[in-house]
Amino acid sequence: MKRIVLAAAVAIASCFAAVSGAEAGLVAKIDLSSQTLTVINDGTVMYRWPVSTARRGYRTPTGSWTPKRLHRMWYSRKYDMSPMPYSVFFTGGYAIHGTGAVSRLGRPASHGCVRLHPANAKVFYSLVKQNGMSNTRVVIQR
C-alpha cells in the first residue's frame, strides 16, 4: 500500500511540475530562433543572455542533454585551436562557452557551439559546477 501511495504522490508531483513549468535543478534553455539562453534554477529564471549558435552551413543540435564535461579553458582542435573559455560540453564536440566575438552575439555566427559573453559563460560554468552536471540540463529548441 505504501508503494502505491508513494507512486501516486510521485506521479502527481511530476504532473504538477509539467503543468507549472517548474523544473528542479539547473536548466539552460537555448532558443535558436531568438538566439537567447535562459538560465533557470529550480524553476526560477535567473538570467537571459544573447548567444550565437550555428551560422549558415553548420548546425546546432536540438534536444535535451546532461553536460558531459567541463573545462575552464578548452582549445578547439577542429577549428585552429580557437579558445573556448568556460566550456560546458553537452553532446559530442558541442559546448556552451565564452567567445571573444561578442559583437556577433544575438545572431548565428558559430560552427555549432553556443557562444556566450565570457562573463556570462563564467557565471554559467560556475552554476553548473555548483549544481553538479547530473543536476543540470541543456535544452535547445527552434
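Residue numbering for the sequence shown follows this note's numbering, starting at 2 and increasing by one per position.
Where is the CB? At the ideal position from N, CA and C, for every residue including glycine.
Since we're looking at a predicted model, the values are computed, not measured.
Starting from residue i, trace the alpha helix (DSSP H) both ways and give me its first and last residue.
i: Pro119; result: Pro119 to Asn132
If we ignore side chains and look at the alpha-carbon of each, how far apart do residue i and residue j end up?
i: Ala110; j: Ser104; result: 10 Å
i: Gly22; j: Lys30; result: Annotation note: pLDDT 47 at Gly22 (below 50); position unreliable, no value reported.
i: His72; j: Thr100; result: 14 Å
Along the beta strand (DSSP E) that carries residue i, what are the first and last residues, could you check?
i: His98; result: Tyr95 to Gly99
i: Pro68; result: It is not in any beta strand (DSSP E) - Pro68 carries neither H nor E in the DSSP assignment.
i: Arg49; result: Thr45 to Pro51
i: Leu33; result: Note, Leu33: premise wrong, no beta strand (DSSP E); not H, not E.
i: Val140; result: Thr137 to Gln142
i: Met85; result: Ser83 to Thr92
i: Thr37; result: Thr37 to Asn42
Let me check understanding here. Comparing Cα to Cα, which of the options lies closest to residue i?
i: Asp43; options: Leu128, Phe91 and Arg60; result: Leu128
i: Phe96; options: Gly26, Tyr76, Gly133 and Trp50; result: Strictly speaking, residue 96 in this sequence is Ala, with Phe absent from that position. Out of Gly26, Tyr76, Gly133 and Trp50, Tyr76 has the C-alpha closest to the C-alpha of Ala96.
i: Trp50; options: Gln142, Thr137 and Ser35; result: Ser35
i: Lys79; options: Asp32, Cys114 and Val139; result: Cys114
i: Arg57; options: Tyr87, Leu33 and Tyr126; result: Leu33
How would you label residue i, buried or exposed, when you count the other beta carbons within 10 angstroms and need 16 or more for buried?
i: Thr61; result: buried
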